[in-house]
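Below is one structure; the comments refer to it alone.
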Amino acid sequence: MISSDVIRGYNDTFILYMLLDGESYGYEISKNIRRLSDEKYIMKETTLYSAFTRLEKNGYICSFYKDETLGKRRTYYRITPEGLAYYHDKCAEWLITQEVVNKFIKEL
Amino acid sequence: METIISYLNNMFAALPRTAQMDGVKQDLLSSMEEKYHELKQESKTENEAVGIVISEFGNIDELIEELDIPVEGEENKLLMLAPEDTFSYMAAKKKSGFMVGLGVMLCIIGPALLILLNTLAEFGFLKGVISEDAASILGVVALLILVALAVGLFIFSGMMLEKYKYLHEGFSLPYDLGFEIQHRSGAFVPTYTLSMVMGVCLCVLSPVPVIAWSLINEDSTGYGVVILLLLIALAVFLFIYYGNIKESFSFLLKEGEFAQEKK
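Here the protein sequences line up with chains A and B, keeping their order.
The opening position of the first sequence corresponds to residue 3 in our numbering, with each subsequent residue numbered one higher.
The opening position of the second sequence corresponds to residue 1325 in our numbering, with each subsequent residue numbered one higher.
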């Protein structure tokens, strides 16, 4: 398990990545993140939903309702152009971060 | 699954009930529910499934930081009204207004019926059916039955509103809900005005039948009085029924007579 402190700055990036291919909803996103990380990272519910709130407030994603079968209503999310731009910024930032951190990592 | 629902309810118990909060809570619940069902399908036991779902919930403070929690000092301590409670209060108030109005109407119809029976008997219309004495006894009995019915209605409507007594201890309305009630209240104004105008007209016109009747036939003011009472009964019903609906709006919006409760 990865400590949540380290990954905190990239939760938003993960979510935006999951939305690149199209709209999705909370549980599906969290399940896919878990699957992609080979079960090494499980995003907590509160982390996921506080990220949704934050991303929506910043205009990076937008939410809408979709009726499911059995009369259930689900909140779906879609990435906005601003969100896409932010995602690319974060990717660029990560490359530099990775480069810097790597300089201080010694293989034992 | 109940454990998960009550866990979530506990987590949100101390937080103000805003529309945003409710939405997030609903989303969290459906997400946790889906996870729970999937775990169960993977043949996890109930305890395991609940344990995993709860352990992956996280920390509520993280969520609070992102949500816009209204901090308005005193206002914050007051009970935040939920839409369901608000609308059920309004429905109860409307229904109680209807029942009280009907009750008062019955109370007025009682004497009207008594007078009608007496007058009919007096003029011999009931000859062969019942005697004059029997007619007045029948009138009294009918009056008592109607009053009893009315009292039943009063008590019932009082009990119906009992449930909402706590509202008088103060509450605050979420912004969006306040807006909606404001809107409905505005839409109700024409209906209310019309009903008040009609009520007042009925009251003003109510002596007309008495006067008219006494012009036609000086002996029997009885029929005129019966119609007067019926007109008054109708007017009173209008006042009470529409007045109650109006009151529910004023109460929720803390307008008019309820304004001082705002403080």
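No residue lacks a Cβ here, since even glycine has one placed at the ideal position from N, Cα and C.
Here the structure is a predicted model, which is why all the values come from computation and not from measurement.
Handout entry: A/F88 and A/E25 closer than 8 Å at C-beta
Key = For the purposes of this step, residue 88 of chain A is taken as the residue at position 86 of the first sequence. For the purposes of this step, residue 25 of chain A is taken as the residue at position 23 of the first sequence. The residue you asked about is not Phe; residue 88 of chain A is Tyr in the sequence shown. No.
Exercise for the section: Look up B/I1564 in the DSSP assignment and say whether it is helix, strand or coil. Expected result: Position 240 of the second sequence, counted from the start, is the residue given in the question as residue 1564 of chain B. If DSSP states are grouped into helix, strand and coil, B/I1564 belongs with the helices.
Practice task
Flag A/S39 as yes if its beta-carbon sits less than 8 Å from any beta-carbon of chain B, otherwise no.
Solution key: For the purposes of this step, residue 39 of chain A is identified with residue 37 of the first sequence, where counting begins at 1. False, the Cβ-Cβ gap to chain B never drops below 8 Å.
Exercise for the section: Pick out the complete alpha helix (DSSP H) segments inside the stretch 1488 to 1519 of chain B, 4 residues or longer, and give them in chain order. Expected result: The stretch 1488 to 1519 of chain B contains no whole alpha helix (DSSP H) run of 4 or more residues.
Exercise for the section: Identify which residue in A/R76, A/L22, A/I31, A/Y43 has its Cα closest to the Cα of B/V1348. Expected result: Sequence index remark: in the second sequence, residue 1348 of chain B carries index 24 (1-based). The shortest C-alpha to C-alpha distance from B/V1348 to any of A/R76, A/L22, A/I31, A/Y43 is the one to A/R76.
Handout entry: Completely contained alpha helix (DSSP H) runs for the stretch 7 to 87 of chain A, where each covers 4 or more residues
Key = Fully enclosed alpha helix (DSSP H) runs of 4 or longer: 13 to 21, 28 to 38, 47 to 59.
Practice task
Examine the Cβ distances between the stretch 1452 to 1467 of chain B and the stretch 1422 to 1442 of chain B and report whether three or more of them are shorter than 8 Å.
Solution key: Yes, the stretch 1452 to 1467 of chain B touches the stretch 1422 to 1442 of chain B.
Practice task
Say whether chain A places a C-beta atom closer than 8 Å to the C-beta of B/I1384.
Solution key: For this step, residue 1384 of chain B is matched to residue 60 along the second sequence. B/I1384 has a beta carbon lying within less than 8 Å of a beta carbon in chain A.
Exercise for the section: Can you grab the Cα-Cα spacing for the pair B/T1545 / B/P1531, in whole Å? Expected result: Locating residue 1545 of chain B in the second sequence gives position 221, where the first residue counts as 1. Locating residue 1531 of chain B in the second sequence gives position 207, where the first residue counts as 1. Distance from the CA of B/T1545 to the CA of B/P1531, rounded to the nearest whole angstrom, comes to 11 Å.
Problem - Residue(s) in a DSSP beta bridge with B/M1404 - result: As a first step, residue 1404 of chain B must be located in the second sequence, where it is residue number 80. For B/M1404, the beta-bridge partners assigned by DSSP are B/S1496.
Handout entry: Residues of its chain near B/E1396, where Cβ-Cβ distance is below 6 Å and the 5 sequence neighbours each way are ignored
Key = The residue given as residue 1396 of chain B occupies position 72 in the second sequence. Because the pLDDT of B/E1396 is 47, which lies under 50, any placement of that residue in the model is unreliable, and the number read from its coordinates should be weighed accordingly. None.
Handout entry: contact_flag[the stretch 1474 to 1486 of chain B, the stretch 1420 to 1437 of chain B] where n(CB pairs < 8 Å) is 3 or more
Key = Result yes; three or more Cβ-Cβ pairs closer than 8 Å.
Exercise for the section: Starting from the Cα of B/V1549, find the closest Cα among B/E1408, B/A1373, B/F1336, B/I1433 and give me that residue. Expected result: Numbered from 1 along the second sequence, position 225 holds the residue referred to as residue 1549 of chain B. Ranked by how close their Cα comes to the Cα of B/V1549, the residues B/E1408, B/A1373, B/F1336, B/I1433 have B/I1433 in first place.
Exercise for the section: Grab the span of the alpha helix (DSSP H) containing B/P1533 for me, first residue to last. Expected result: Along the second sequence, one-based indexing puts residue 1533 of chain B at 209. If you look at B/P1533, you'll find it in the alpha helix (DSSP H) that goes 1531 to 1540.
Exercise for the section: Please list the partners that A/I44 has in chain B, where partner means a Cβ-to-Cβ separation under 7 Å. Expected result: For this step, residue 44 of chain A is matched to residue 42 along the first sequence. Residues of chain B passing the Cβ test: E1380.
Handout entry: 6 Å Cβ shell around B/G1425 - same chain, five flanking residues per side excluded
Key = Translated into the one-based positions of the second sequence, residue 1425 of chain B becomes position 101. A distance below 6 Å between beta-carbons, with the five flanking residues on each side excluded, links B/G1425 to the following residues of its chain, in chain order: F1561, I1564, Y1565.
Practice task
Could you tell me the distance, in whole angstroms, from the CA atom of B/E1399 to the CA atom of A/S6?
Solution key: Here the question's residue 1399 of chain B lines up with position 75 in the second sequence. Here the question's residue 6 of chain A lines up with position 4 in the first sequence. Unreliable placement is indicated for B/E1399, whose pLDDT of 47 sits below 50; the coordinate value is still reported in the next sentence. Distance between the alpha carbons of B/E1399 and A/S6 is about 36 Å.
Problem - C-alpha distance - A/N104 paired with A/K92, whole-angstrom precision - result: Numbered from its first residue, the first sequence carries residue 104 of chain A at position 102. Numbered from its first residue, the first sequence carries residue 92 of chain A at position 90. Taking the straight line from one Cα to the other gives about 18 Å.
Handout entry: Beta-carbon neighbours of A/T48, restricted to chain B and to distances below 7 Å
Key = If you number the first sequence from 1, residue 48 of chain A lands on position 46. Those are F1381, G1382, N1383, I1384, E1386, L1387, listed as they occur along chain B.
Problem - CB contact flag (B/E1386, A/S52, <8 Å) - result: Walking along the second sequence from the start, residue 1386 of chain B turns up at place 62. Walking along the first sequence from the start, residue 52 of chain A turns up at place 50. Pairing B/E1386 with A/S52 gives a Cβ-Cβ distance under 8 Å.
Problem - the stretch 1334 to 1343 of chain B contacting the stretch 1402 to 1414 of chain B, beta-carbon criterion three pairs below 8 Å - result: The stretch 1334 to 1343 of chain B vs the stretch 1402 to 1414 of chain B: in contact.
Exercise for the section: With 8 Å as the threshold, decide whether the Cβ of A/G11 is near any Cβ in chain B. Expected result: On the first sequence, position 9 is the one that residue 11 of chain A refers to. Output row for A/G11: interface = no.
Problem - Element boundaries [alpha helix (DSSP H), containing B/F1336] - result: Taking the second sequence and counting its residues from 1, one reaches residue 1336 of chain B at position 12. For B/F1336, the enclosing alpha helix (DSSP H) begins and ends at 1326 to 1337.
Practice task
Indicate whether at least one CB of chain B lies closer than 8 Å to the CB of A/S26.
Solution key: For the purposes of this step, residue 26 of chain A is identified with residue 24 of the first sequence, where counting begins at 1. No, its Cβ sits nowhere closer than 8 Å to a Cβ of chain B.
Handout entry: Beta-carbon neighbours of B/V1374, restricted to chain A and to distances below 8 Å
Key = Position 50 of the second sequence holds residue 1374 of chain B. Per Cβ cutoff of 8 Å: no residues; B/V1374 is ~14 Å from chain A at best.
Practice task
Answer with yes or no whether the minimum CB distance from A/T15 to chain B is below 8 Å.
Solution key: Position 13 of the first sequence, counted from the start, is the residue given in the question as residue 15 of chain A. Under the Cβ criterion of 8 Å, A/T15 is not counted among the residues facing chain B.
Practice task
Please name the residues in the stretch 1348 to 1359 of chain B whose beta-carbon is closer than 7 Å to at least one beta-carbon of chain A, in chain order.
Solution key: Under the 7 Å Cβ criterion, the stretch 1348 to 1359 of chain B contributes V1348, D1351, L1352, S1354, S1355, M1356, E1358, K1359.
Problem - Residues near B/P1363 by beta carbon distance below 8 Å, same chain, minus five either side - result: As a position in the second sequence, residue 1363 of chain B is number 39, starting the count at 1. First, the amino acid is wrong: residue 1363 of chain B is Leu here, not Pro. So the list reads E1372, A1373, I1376, V1377, once near-sequence residues are dropped.
Practice task
Mind checking which residues open and close the alpha helix (DSSP H) that includes B/A1343?
Solution key: Position 19 of the second sequence holds residue 1343 of chain B. That run of the alpha helix (DSSP H) goes 1343 to 1365.
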